[in-house]
Amino acid sequence: MGATGRLGVAIAEAVADRGDEVVLTARDPNKLEQLAASLDRGRGPAQLVCADLTHRDAVTQIVEGLRAAVPPTDERGSVDDIVLACGPFPRTPFDDLRREDLERTMTVHCIAPLLLVHALSGDLAKAKGAVVALGDAGTTRPYEHHVAYLTAKGAVKTGLRALAVELAPDVRVNIVELGIVADPEADADPLRQHRLATRSQLGRFGTPEEVVHVVLSLLDATWATGEIWGIGR
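Each residue of the sequence shown is one higher than the last, beginning at 51 in this note's numbering.
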């Protein structure tokens, strides 16, 4: 979920490189098709499901798309793992905050991801699989102008930890809590870049490759669930 964002692309490439069958979901069909073609590792392009998480039927659409891409009778089996990399990062200055901002952001970053895991929990349990979600360090060290986004990220963090209890011991659910990986606004402003980088004890932004390393580690960590792995905080 969220495959065409900067981090989603890096994760999809890494998962494909290690030989996994990949099903990509995002809302932009053109970006999805380009990414799917680029992930051809001699087995044909990755499967894709286009869905807009702001729509109430998005989760149903994703599940139906998955079933069409990999039918239950397919020798490849069902869904083994889910990576939640939903990417929208809406800026909502406090004075401009509206109910619609909170509802939309909660839907994309919290409600849809939780419902997707719920819908596919049977597949995940059968596979003894894992869920890994990208979180945000701002849920414990908030920053300004992102009330809606940080509220949603905090909610999904709690929801996923609750799912770790509900789905144990068959399914592992973990969260990667990120510091700043890339900030296009800061790239053009050295002073702002320095100020943001100093929020991390390591004094720099992270890279997509560093995020991928942690995501793959948690997908394979068979004795970890309900954990929050903070990087770059």
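We treat Cβ as the ideally placed atom computed from N, Cα and C, and that holds for glycine.
Can you look up residue i in the DSSP assignment and give me helix, strand or coil?
{"i": "His195", "result": "coil"}
{"i": "Glu227", "result": "strand"}
{"i": "Val221", "result": "coil"}
{"i": "Ala180", "result": "strand"}
{"i": "Val120", "result": "coil"}
{"i": "Val158", "result": "helix"}
{"i": "Thr142", "result": "strand"}
{"i": "Val334", "result": "Residue 334 is absent from the structure shown; the chain starts at 51 and stops at 283."}
{"i": "Val129", "result": "coil"}
{"i": "Gly280", "result": "strand"}
{"i": "Leu241", "result": "helix"}
Out of the options, which has the shortest C-alpha to C-alpha gap to residue i?
{"i": "Phe255", "options": "Leu174, Pro121, Val167 and His244", "result": "His244"}
{"i": "Leu296", "options": "Val265, Val197, Gly69 and Glu153", "result": "Because the chain here runs from 51 to 283, residue 296 falls outside it and cannot be looked at."}
{"i": "Cys100", "options": "Thr208, Glu114, Pro143 and Arg91", "result": "Glu114"}
{"i": "Ala247", "options": "Val261, Val262, Val231 and Gly137", "result": "Val231"}
{"i": "Asp151", "options": "Ala187, Asp131, Leu200 and Asp239", "result": "Leu200"}
{"i": "His105", "options": "Val158, Gly94 and Gly92", "result": "Val158"}
{"i": "Glu63", "options": "Glu259, Thr275 and Trp279", "result": "Glu259"}
{"i": "Ala183", "options": "Leu147, Gly229 and Pro163", "result": "Pro163"}
{"i": "Asp130", "options": "Pro79, Val265, Ala177 and Pro240", "result": "Ala177"}
{"i": "Val261", "options": "Leu85, Asp173, Val65 and Ile281", "result": "Ile281"}
{"i": "Thr189", "options": "Ile225, Ala118, Ala86 and Lys81", "result": "Ile225"}
{"i": "Gly172", "options": "Ala218, Gly94, Gly185 and Asp107", "result": "Ala218"}
{"i": "Ala87", "options": "Ala175, Thr54 and Ala108", "result": "Thr54"}
{"i": "Leu252", "options": "Leu210, Arg283 and Thr110", "result": "Arg283"}
{"i": "His263", "options": "Leu228, Ala119, Ala118 and Cys136", "result": "Leu228"}
{"i": "Ile132", "options": "Lys81, Asp78, Ala187 and Ala169", "result": "Ala169"}
{"i": "Gly179", "options": "Met51, Leu57, Arg149 and Thr275", "result": "Thr275"}
{"i": "Met51", "options": "Glu277, Asp270 and Leu134", "result": "Leu134"}
{"i": "Ile161", "options": "Asp220, Val59, Arg148 and Ala108", "result": "Ala108"}
{"i": "Asp186", "options": "Val167, Lys207 and Leu166", "result": "Lys207"}
Sort out for me which residues DSSP pairs residue i with in a bridge.
{"i": "Gly185", "result": "Glu227"}
{"i": "Gln111", "result": "Its beta-bridge partners do not exist; DSSP assigns none."}
{"i": "Thr75", "result": "Val99"}
Given that a residue counts as buried once 16 or more other Cβ atoms are within 10 Å of its Cβ, and exposed if not, what is residue i?
{"i": "Ala96", "result": "buried"}
{"i": "Arg222", "result": "buried"}
{"i": "Asp203", "result": "The question names Asp, yet the displayed sequence has Lys at residue 203. Counting Cβ neighbours within 10 Å, Lys203 comes out buried, since at least 16 surround it."}
{"i": "Gly92", "result": "exposed"}
{"i": "Leu241", "result": "exposed"}
{"i": "Ala212", "result": "exposed"}
{"i": "Arg155", "result": "Note that residue 155 is Thr in the sequence shown, not Arg. Buried, since its Cβ has 16 or more Cβ neighbours within 10 Å."}
Inter-stretch contact at 8 angstroms, needing at least 3 Cβ pairs: the segment 142-150 / the segment 191-206:
yes
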